[in-house]
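Colleague: Taken in order, the sequence shown gives residues -17 to -1, 1 to 211; the numbers are from mature numbering (1 follows the signal peptide of the UniProt record, and there is no 0).
The beta carbon of each residue, even a glycine, is placed where N, CA and C say it ideally should be.
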Amino acid sequence: MLFRSILAYIGVSFAAAAIELPDLPYSYDALAPSISEKTLRTHHSKHHAKYVNTANEMLKSDPSHAKLSAEKIIQDRKVRANNPSLFNNVAQAWNHAFYWKCLKPNGGGQPTGKLMGMIERDFGSFDALRTKMENEALTCFGSGWAWLGYDGKNRGHEKLVVIKTSGAENPMAFGITPLLTIDVWEHAYYLDFQEKRGDYVKAYFDTLVNWSFAEENLKSILPGHEEL
Ligand SMILES: [Fe+2]
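#1: Is it buried or exposed for R60, if we count other Cβ within 10 angstroms and need 16 for buried?
#2: From which residue to which residue does the alpha helix (DSSP H) around A76 run?
#3: What are the complete alpha helix (DSSP H) segments, minimum 4 residues, inside the stretch 134 to 190?
#4: Which residues in the same chain have their Cβ closer than 8 Å to the Cβ of R113, if we skip the five residues on either side of it in sequence?
#5: So K97 is in the alpha helix (DSSP H); what residue range does that whole segment cover?
#6: Going by C-alpha to C-alpha distance, which of S126, D175, M155 sits closest to Y133?
#7: Please look up how many angstroms separate the CB atoms of V167 and A197, rounded, as I've assumed it's under 8 Å.
#8: Quick check: the Cα distance between K185 and G91, rounded to an integer number of angstroms?
#9: Helix, strand or coil for A120 per DSSP?
#10: Measuring only from the beta carbon, is A171 closer than 6 Å to any heavy atom that is part of ligand 1?
#11: Start and end of the alpha helix (DSSP H) containing A197?
#12: Any heavy atom of ligand 1 inside 6 Å of the beta-carbon of D166?
#13: Go ahead and pull the three-state DSSP assignment for residue 212.
#14: Classify A1 as helix, strand or coil using the three-state DSSP reduction.
#15: Excluding sequence positions up to five away, which residues of its chain have a Cβ less than 6 Å from the Cβ of G135?
#16: In the DSSP assignment, find the unbroken alpha helix (DSSP H) run with N36 in it and report its ends.
#17: Taking just the CA atoms, how far does A111 sit from D105?
#18: Count the other C-beta atoms from every protein chain shown that fall within 10 angstroms of the C-beta of A(-3), then say buried if there are 16 or more, exposed otherwise.
#19: Name, in chain order, the residues that DSSP records as bridge partners for L131.
Shown next as structure tokens:
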């Protein structure tokens, strides 16, 4: 299915009942000073771990849902309506596994190739895309996520989109494939930036973002694509 290749790429398997806590692809101090070791260690080993452990506990006592992949749980409106706690913990486990790959030491810069071409086609320029994503991150009320995604719902009118989601919500629930995300829950930045979410988002784009990951995600959706 459409999202499996991304899931495989980020190294997380949800096919069985167990949801795993992946190791970070860098050390806890590798993103400093933009994200401190204390923030990253707490975010990964406490917050992400708790979502994973809680989801697994829920799935253990819920055989019907344990058979479903994480993507199915995230996309299934009945699960979300009838068991919001399961949805929240499974989605947050997935979101964080994805988020770690969106970051890298000495990140930043701009994407290349097909992704850059689509950004210029759909937003006008890279700067316009960045401004839009920053705005979504800053206007996400409370806790949530800002995403760059691929909307392939209308054949012949596929396009990149920028959206924000609240709480644990994930674009897959709306038929949009995630390419990149920013965690704007306060636990992601408060120790380093306090209330200045804008400074965290600026640091994300200037020093952290891993555009290669977004490019690989796009490639996994559009195998054999031609350069624009
Ligand atoms: Fe988080």
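Modeller: Reading from the atomic positions:
#1: Counted from its first residue, the sequence shown places residue 60 at position 77. It counts as exposed.
#2: As a first step, residue 76 must be located in the sequence shown, where it is residue number 93. 67 to 84 is the extent of the alpha helix (DSSP H) around A76.
#3: 173 to 176, 180 to 186
#4: As a working mapping, residue 113 is identified with position 130 in the sequence shown. Excluding residues within five positions, the ones whose Cβ falls inside 8 Å are F188.
#5: For this step, residue 97 is matched to residue 114 along the sequence shown. Residues 96 to 106.
#6: Mapped onto the sequence shown, residue 133 falls at position 150. The residue with the shortest Cα to Cα distance from Y133 is M155.
#7: The residue given as residue 167 occupies position 184 in the sequence shown. The residue given as residue 197 occupies position 214 in the sequence shown. So it is not a contact: roughly 17 Å between Cβ atoms.
#8: Position 202 of the sequence shown, counting from 1, holds the residue named residue 185. Position 108 of the sequence shown, counting from 1, holds the residue named residue 91. Answer to the nearest angstrom: the Cα atoms are 10 Å apart.
#9: Locating residue 120 in the sequence shown gives position 137, where the first residue counts as 1. Three-state result, A120: helix.
#10: On the sequence shown, residue 171 is found 188 positions in, with the first residue counted as 1. Yes - ligand 1 has a heavy atom lying nearer than 6 Å to the Cβ of A171.
#11: On the sequence shown, position 214 is the one that residue 197 refers to. Counting along the chain, the alpha helix (DSSP H) containing A197 begins and ends at 194 to 204.
#12: As a first step, residue 166 must be located in the sequence shown, where it is residue number 183. Yes; taking the cut-off as 6 Å, the Cβ of D166 has a heavy atom of ligand 1 nearer than that.
#13: An answer regarding residue 212 cannot be provided, because it is not within the stretch -17 to 211 covered by the chain.
#14: Within the sequence shown, residue 1 is the residue found at index 18, counting from 1. Correct three-state label for A1: coil.
#15: As a first step, residue 135 is located in the sequence shown; it is residue number 152 there, counting from the start. Once the five neighbours on either side are set aside, the close Cβ partners of G135 are E141.
#16: Mapped onto the sequence shown, residue 36 falls at position 53. Unbroken alpha helix (DSSP H) run through N36: 32 to 43.
#17: The residue you call residue 105 lines up with position 122 of the sequence shown. The residue you call residue 111 lines up with position 128 of the sequence shown. Rounded to the nearest angstrom, the two C-alpha atoms are 10 Å apart.
#18: Here the question's residue -3 lines up with position 15 in the sequence shown. With a pLDDT of 43 at A(-3), under the threshold of 50, the modelled position of this residue cannot be trusted, and the question is left open.
#19: Residue mapping note: residue 131 aligns to position 148 of the sequence shown, counting from 1. Paired residue(s): V145, L163.
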